[in-house]
Amino acid sequence: MKSIKIKALVIIGVVALVMACNVGNGKVEQEIRDAFDMGLSSWVVEDESDSAVFEFHHDTLFIKSPAGLTLWYNRKLSGEYQISYFISLQIEGGVRLSDMNCFWAATDPLNPDDFFARSGWRHGIFSRYNSLNMYYVGYGGNNNTTTRFRKYYGKYYNVDNNKIKPLIQEYIDAEHLLQPNRWYKVIITVAKGKTSFEVNGERLFELMDKELYSDGYFGIRLLSNRAAITGFTIHYL
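If you count the sequence shown from 1, position 210 lands on 209 in numbering that gives the first Met the number 0, and the numbers rise without skipping.
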């Protein structure tokens with residue numbers, strides 16, 4: 000079994016791009032898959048600790064994050080699309096069970112043409128993500144006591160903290176919190192004026208949004224834990 004350990008911001012990798020044409024109506028369907036088979040060249044790491052460890056075993060990425068970490072897919076998504084991936088929090092040696100989180104449709108209102116202009120400043124520090132426009136799900140957050148859906152308004156950063164990220168919906172029951180070493184299939188959809196978040200076939204959150212965030216970046220957000228990720232796919236609808 001191949002194992003590679005890396006401590007870096009950008010790591011060489013391969014993304015498979017698959018395109019298929021629907022001959023009947025001329026519509027082009029596009030699907031992007033990242034097998035993590037050679038690393039993370041299609042991702043940008045913002046690591047608060049500067050010491051996160053990445054391991055690659057065949058098509059699976061393992062991340063050990065001592066503090067806050069955001070792993071951004073480095074291509075801006077636009078239009079209508081669906082993001083899917085499998086993720087599990089690996090519990091061993093006292094590693095914390097919490098925070099299987101994600102951001103999507105993220106943009107920086109101060110840098111609309113260069114999302115990563117302030118990547119070094121964000122540096123994985125959670126409060127600094129309040130400067131972005133995006134959607135956020137904190138699955139098993141607050142030491143695995145809540146699963147929450149929020150919409151961020153970056154324009155209120157350092158202006159009115161109470162307006163930055165209003166809570167849209169939450170769960171606190173055990174069924175919607177994390178279980179150790181369990182695999183979760185996450186599907187995020189942005190289409191038809193709404194966005195939704197689904198886990199293992201259950202749609203947990205859906206928002207019909209008159210001011211929909213669609214074009215933007217996707218990121219996996221972790222905090223002091225160990226995660227395994229595989230099967231990352233983007234499908235344009």
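For every residue, glycine included, the Cβ atom is placed at its ideal position computed from N, Cα and C.
- Looking at the backbone, the Cα of S195 and that of K150 are separated by about 12 Å.
- K162 carries a helical assignment under DSSP once its states are collapsed to helix, strand and coil.
- Per DSSP, G119 is one residue of the alpha helix (DSSP H) stretching across 118-121.
- With fewer than 16 other beta carbons inside 10 angstroms of its own, W182 counts as exposed.
- Bridge partners of E201 according to DSSP: V198.
- Put simply, the backbone Cα of K63 is about 7 Å away from that of F53.
- For the options L60, L70, E91, the alpha carbon positioned closest to that of Y216 is the one of L70.
- For N142, no beta strand (DSSP E) encloses it; the enclosing alpha helix (DSSP H) starts and ends at 140-143.
- The beta carbons of T232 and T59 sit no closer together than 9 Å.
- Straight across, the Cα-Cα distance linking A116 with N110 is about 7 Å.
- The segment 134-150 makes contact with the segment 87-106: 3 or more CB pairs, one atom from each, lie closer than 8 Å.
- In chain order, S64, P65, A66, R95 place their CB closer than 7 Å to the CB of S223, counting only its own chain and leaving out the 5 sequence neighbours on each side.
- Under the three-state reduction of DSSP output, N129 falls in the helix class.
- Counting only runs that start and end inside the segment 39-108, the beta strand (DSSP E) elements of at least 3 residues fall at 42-46, 52-56, 59-72, 80-88, 99-106.
- In the same chain as S77, and ignoring 5 residues on each side of it, the C-beta atoms closer than 6 Å to its own belong to D214, in chain order.
- A residue is called buried when at least 16 other Cβ atoms come within 10 angstroms of its Cβ; K75 does not meet this threshold and is exposed.
- If you look at L221, you'll find it in the beta strand (DSSP E) that goes 216-235.
- Under DSSP, no beta-bridge partner is assigned to Q178.
- Between the segment 122-131 and the segment 149-163 there are three or more C-beta pairs closer than 8 Å, enough to call the two in contact.
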